[in-house]
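Just so we're aligned: the sequence shown equals residues 182 to 331 in this note's numbering.
Where a beta carbon is used, it is the ideal one built from N, C-alpha and C, also for glycine.
Note that this is a predicted model, so its numbers are computed, not measured.
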Amino acid sequence: MTIHSFFIFDRHCNCIYNREYSHEANDNGTINKNNQSDGAKLLFGMLYSLKNMASKLGDGDMNNLLKSFSTSKYRTHFLESATGLKFVIISDTSIDNLQNVLWELYSNYYLKNITFNSLSAVDFKEEEKISNNNFIVETDKFLQSLAVFQ
Numbered sequence: 182m183t184i185h186s187f188f189i190f191d192r193h194c195n196c197i198y199n200r201e202y203s204h205e206a207n208d209n210g211t212i213n214k215n216n217q218s219d220g221a222k223l224l225f226g227m228l229y230s231l232k233n234m235a236s237k238l239g240d241g242d243m244n245n246l247l248k249s250f251s252t253s254k255y256r257t258h259f260l261e262s263a264t265g266l267k268f269v270i271i272s273d274t275s276i277d278n279l280q281n282v283l284w285e286l287y288s289n290y291y292l293k294n295i296t297f298n299s300l301s302a303v304d305f306k307e308e309e310k311i312s313n314n315n316f317i318v319e320t321d322k323f324l325q326s327l328a329v330f331q
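Encoded structure:
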């Protein structure tokens, strides 16, 4: 069981935060290195398409929301805020539900360090990324303290 990466997309389809975790000794992974990569764009496109398909299959019922999906290699956990921010965690398939973790990342860490911080941008331009050190350190600590992070 492990968490592989954490993404945040804004309402303009831009990847504003990307944290990839390496579970090898002496390697902390990368932060905001692959935001403009094809992988981030493909992930957003897949989430967008699956979200739309889930809402259309729900017969107009707005409660039919995409929360996660899995392949043979990984599971993607998804949370969309009311403002259009999309929080995504990619994990092993053995991890069932991380909705409470995504909500915690949004409500306790993103809001506190980004939204309520008057020095931080709220609406990011295409090239801007989250670089708030408190946000990065606190989310890393939180995710690494979880039992599913190994």
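Once you ignore the five residues that flank residue i on each side, which residues in its own chain have a CB closer than 6 Å to its CB?
{"i": "Tyr130", "result": "Since the first and last residues shown for the chain are 182 and 331, residue 130 lies out of range."}
{"i": "Lys211", "result": "For clarity, residue 211 is Thr in the given sequence; the question names Lys instead. Cβ within range, chain order: Glu201."}
{"i": "Glu261", "result": "Lys267"}
Apart from the five residues on each side of it in sequence, which residues of its chain come closer than 8 Å, Cβ to Cβ, to residue i?
{"i": "Leu266", "result": "Ile189, Phe190, Asp191, Arg192, Tyr287 and Tyr291"}
{"i": "Thr320", "result": "Phe187, Arg200, Leu286 and Tyr290"}
{"i": "Asn245", "result": "Ala235, Ser236, Leu238 and Gly239"}
{"i": "Trp284", "result": "Leu260"}
{"i": "Thr264", "result": "Arg192"}
Consult DSSP for residue i and reduce its assignment to one of helix, strand or coil.
{"i": "Phe225", "result": "helix"}
{"i": "Ile295", "result": "helix"}
{"i": "Phe316", "result": "helix"}
{"i": "Val337", "result": "The structure shown has nothing for residue 337, since the chain only spans 182 to 331."}
{"i": "Ser236", "result": "helix"}
{"i": "Lys327", "result": "Note that residue 327 is Leu in the sequence shown here, rather than Lys. Coil at Leu327, not helix or strand."}
Would you list the one or two residues that DSSP bridges to residue i?
{"i": "Ser249", "result": "His258"}
{"i": "Asn199", "result": "Phe188"}
{"i": "Ile270", "result": "Phe187 and His258"}
{"i": "Ile311", "result": "DSSP output for Ile311 lists no bridge partner at all."}
{"i": "Ile212", "result": "Arg200"}
Identify, in the order they occur along the chain, each residue of the same chain with its Cβ nearer than 7 Å to the Cβ of residue i, setting aside the five sequence neighbours on each side.
{"i": "Ile317", "result": "Ile212"}
Could you tell me whether the region 217-230 touches the region 292-306, using the rule of 3 or more Cβ pairs below 8 Å?
Between the region 217-230 and the region 292-306 there are fewer than three C-beta pairs closer than 8 Å, too few to call the two in contact.
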